[in-house]
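In the UniProt record's numbering, the protein residues as written are 1 to 866.
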């Protein structure tokens, strides 16, 4: 039968394949024409193309898959094979030369690779190669029984793999056809494969791991010895293909194989020059596991497809044969292979273990596998295995011990007559395998036991602490009780056939308990530390802020005293609380030190926070001192105040605040920050006259560590400049107010002007004295002017400047005059209504009303009228 691979929606490809192949009757191809005639091959002919000859497998299954035809197939893509060495050991020189011509191997140079496979007979080597490299090696028909399929060594070209890759299918070892004593060909073919191959696949069953014969370990030992003696060193990759992989994880199987290979290499006698040569100089060892082809065909094919990808570009650096050595050019491969086989055939010293031991090994292995399968399928075991996944099983150890004892007893009965050494070895392997199989369930039991014990410990510790018990004593008592209960559970789960150590699980429980204790203690200590830190923060923050706000000579001594007092109070209570946790002295001191550091951090943090507002505080202090007198009353600039002295005092006080805020002083070390600031900023004239260096042209203070500096000298200078600029306006306003006050108080003209008025106005003065009428008019005008002066508050208006005073007077003049006339009219009306009989004397009044505004009195009016 020909298998056509149809691409999706590609009708033209299907028709091309049918035209190329014609109509092939699958049922007739293997039909027997004569008693001794068979159809052995199928030739595909096409115009313009060379003939493609495909051998038909002798599987007896005409409906099986023979080959796959794909799009763009060429002669180089078809699998071409030759019988390189027959079963008698005859080397097929002509066949190899023809094979090289067909695959054009001579054109490859060094760009080719050789892969071979060896392993026990009927282990599926040919099947693996056909799926892995798309070759057509003859496969065993399981329906006809297990017998020898591959005889000698066959070679084929791998399909679809670059560079050109040749694969050799070796005759299986341990075949009954050759008998017990005729094993020389097995040794020779294995040695030949290692000698000419870049990659050697060692096919073996998963359950054969650990068997001396089935794992080919004696064969490899002999091959290593002869190879080093006969051939120049070359780098070969050994890939152990584990067939029918079981549930045993690869991480358990692979170390066993690698360890066996290393032991074989170490035991091999080596020439003096190669005595210390490591295995890695000659071989790369890899292990691959494949599922069962018969039971899990799809999974097997998928795994083989993944393995096939690794053979692409295998000779490139990093590939499977990327570091190979002593490569024979492709044109000389045929001659080289022929000479190697000739040398191998002349060597008679190779040897393998006796056949009887091998038979015992195989049979005992089969019995052991049967008993293991029986145990795995045992209903009682399966129920136990399922139950332990979710919960703890009481009496687990006793139940498993009984099942294991029954299984081993049955093995002893059936394997009694086989070689004692092999029987004992396989019994031990069976026991180890059984124990390995039940160990996950045992570990699950211990896991459940550990989890339940840990949960009970957590609950008991919580209950003890809630009752007010000391932490250390509660943790100690709960731990001892929990470990005792765990030990009882381990004894109940122990298996008689196993001597498994539970100390690791116990140690893990100890670690879990200790971790929980540490976690709970950490939480409790964190709460305790947080409580005392909160107290320290509350007692220090506001007090430190108030002390820094009143910055003076005793500010930092007061802060140190406050810090010491509050810290000692907090440490006293904190130390008493720590005693319940039973910690070592170093840990106690470390935690106490942490609380002290936190207190210092609160003070320093508050100091840094206040230092960020130092300019505002300096201006506030300057404004307070400059604008208020010693009794904290607002200043009235009357002209008698010494503004220069007041300004200096206010600035000195602000400078004091700046010096206090410049650095953190939690120790008693003295510094010269205030003196430096005073010389550089207040007495700068004197400093400039004595030295040209600027004491503030630095980023650090003398005798003050950088980490204790809040405001460095350069920043102080910048702040002071900004401070002076922002307070200059206040001083200027005070000076202006003082000058205005002086002007308002000195309303009389200068003495020389008064003398000039007397001299020049003497005649006019005498005229007024001689004429009383003028005098009366002048007196009335004086009263009116006085009333307007008081009503308009002229002296106060001009205190703020002449222009503002004139504008204010011009605005209020007319309303004030109208008010005066109204009041005069009201007074005249009252005098008329009172009559001539009532004329009591009235007290003399000035032009002021009850609100201290101008008012014209009746007495003044009557006097003026008369």
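Where is the CB? At the ideal position from N, CA and C, for every residue including glycine. Keep in mind that this is a model prediction, so the values were computed, not measured.
Local conformation of residue i per DSSP, three classes
{"i": "residue 85", "result": "strand"}
{"i": "residue 772", "result": "helix"}
{"i": "residue 622", "result": "helix"}
{"i": "residue 313", "result": "coil"}
{"i": "residue 93", "result": "helix"}
{"i": "residue 327", "result": "coil"}
{"i": "residue 112", "result": "strand"}
{"i": "residue 250", "result": "helix"}
{"i": "residue 583", "result": "coil"}
{"i": "residue 728", "result": "helix"}
{"i": "residue 633", "result": "coil"}
{"i": "residue 571", "result": "helix"}
{"i": "residue 209", "result": "coil"}
{"i": "residue 288", "result": "strand"}
{"i": "residue 392", "result": "coil"}
{"i": "residue 120", "result": "strand"}
{"i": "residue 663", "result": "strand"}
{"i": "residue 600", "result": "helix"}
{"i": "residue 161", "result": "coil"}
{"i": "residue 173", "result": "strand"}
Residue i burial status per 10 Å Cβ neighbour count (16 or more: buried)
{"i": "residue 725", "result": "exposed"}
{"i": "residue 669", "result": "exposed"}
{"i": "residue 595", "result": "buried"}
{"i": "residue 527", "result": "exposed"}
{"i": "residue 468", "result": "exposed"}
{"i": "residue 124", "result": "buried"}
{"i": "residue 334", "result": "buried"}
{"i": "residue 309", "result": "exposed"}
{"i": "residue 771", "result": "exposed"}
{"i": "residue 291", "result": "buried"}
{"i": "residue 932", "result": "Residue 932 is absent from the structure shown; the chain starts at 1 and stops at 866."}
{"i": "residue 186", "result": "buried"}
{"i": "residue 264", "result": "buried"}
{"i": "residue 544", "result": "buried"}
{"i": "residue 778", "result": "exposed"}
{"i": "residue 381", "result": "buried"}
{"i": "residue 169", "result": "buried"}
{"i": "residue 905", "result": "There is no way to answer for residue 905, as the model of the chain reaches only from 1 to 866."}
{"i": "residue 523", "result": "exposed"}
{"i": "residue 71", "result": "Any reading at residue 71 must be qualified, since the residue scores a pLDDT of 44, below 50, and its modelled position is unreliable; the value itself is stated next. Flag for residue 71 reads exposed."}
{"i": "residue 790", "result": "buried"}
Nearest-angstrom Cβ-Cβ length linking residue i and residue j, presumed shorter than 8 Å
{"i": "residue 337", "j": "residue 196", "result": "5 Å"}
{"i": "residue 680", "j": "residue 702", "result": "Contact doesn't hold; Cβ gap of about 13 Å is too wide."}
{"i": "residue 655", "j": "residue 610", "result": "With 8 Å as the limit, residue 655 and residue 610 do not qualify as a contact, their Cβ atoms being about 16 Å apart."}
{"i": "residue 435", "j": "residue 371", "result": "The Cβ separation is near 13 Å, so there is no contact."}
{"i": "residue 188", "j": "residue 344", "result": "5 Å"}
{"i": "residue 240", "j": "residue 304", "result": "With a Cβ gap of about 15 Å, residue 240 and residue 304 do not count as contacting."}
{"i": "residue 364", "j": "residue 423", "result": "6 Å"}
{"i": "residue 172", "j": "residue 119", "result": "6 Å"}
{"i": "residue 639", "j": "residue 738", "result": "5 Å"}
{"i": "residue 236", "j": "residue 282", "result": "7 Å"}
{"i": "residue 792", "j": "residue 812", "result": "6 Å"}
{"i": "residue 650", "j": "residue 622", "result": "5 Å"}
- Query: In chain order, which continuous runs of the alpha helix (DSSP H) of length 4 or greater are located wholly inside the region 435-493?
  - Reply: 471-493
- Touch test, the region 486-502 against the region 392-408, Cβ-Cβ under 8 Å, three pairs minimum: yes
- Query: Within the chosen definition, does the region 80-87 reach the region 153-163 through at least 3 CB pairs nearer than 8 Å?
  - Reply: yes
- Query: On the three-pair Cβ rule with 8 Å, is the region 426-445 touching the region 379-388?
  - Reply: yes
- Touching by the beta-carbon criterion (3+ pairs, under 8 Å), the region 535-547 and the region 598-618: yes
- Given 8 Å, three or more beta-carbon pairs between the region 197-204 and the region 107-121: Enough Cβ pairs lie closer than 8 Å, so yes.
- Query: Three or more beta-carbon pairs under 8 Å between the region 581-588 and the region 609-618, yes or no?
  - Reply: no
- Is there contact here, the region 93-106 with the region 298-315, by at least three beta-carbon pairs under 8 Å? Judged by Cβ distances under 8 Å, the region 93-106 makes no contact with the region 298-315, as fewer than three pairs qualify.
- Three or more C-beta pairs closer than 8 Å, one from the region 660-674 and one from the region 623-636: is that the case here? They do not touch, by the three-pair rule.
- Message: Under 8 Å, with one C-beta from each stretch per pair, do the region 457-475 and the region 404-420 reach the 3-pair mark?
- Response: Touching, no.
- Message: Any contact between the region 584-593 and the region 702-714? By contact I mean 3 or more CB pairs, one from each, below 8 Å.
- Response: no
- Message: Any contact between the region 449-466 and the region 505-516? By contact I mean 3 or more CB pairs, one from each, below 8 Å.
- Response: Contact between the region 449-466 and the region 505-516 is present, because at least three Cβ pairs lie under 8 Å.
- Task: Examine the Cβ distances between the region 268-275 and the region 312-319 and report whether three or more of them are shorter than 8 Å.
- Result: no
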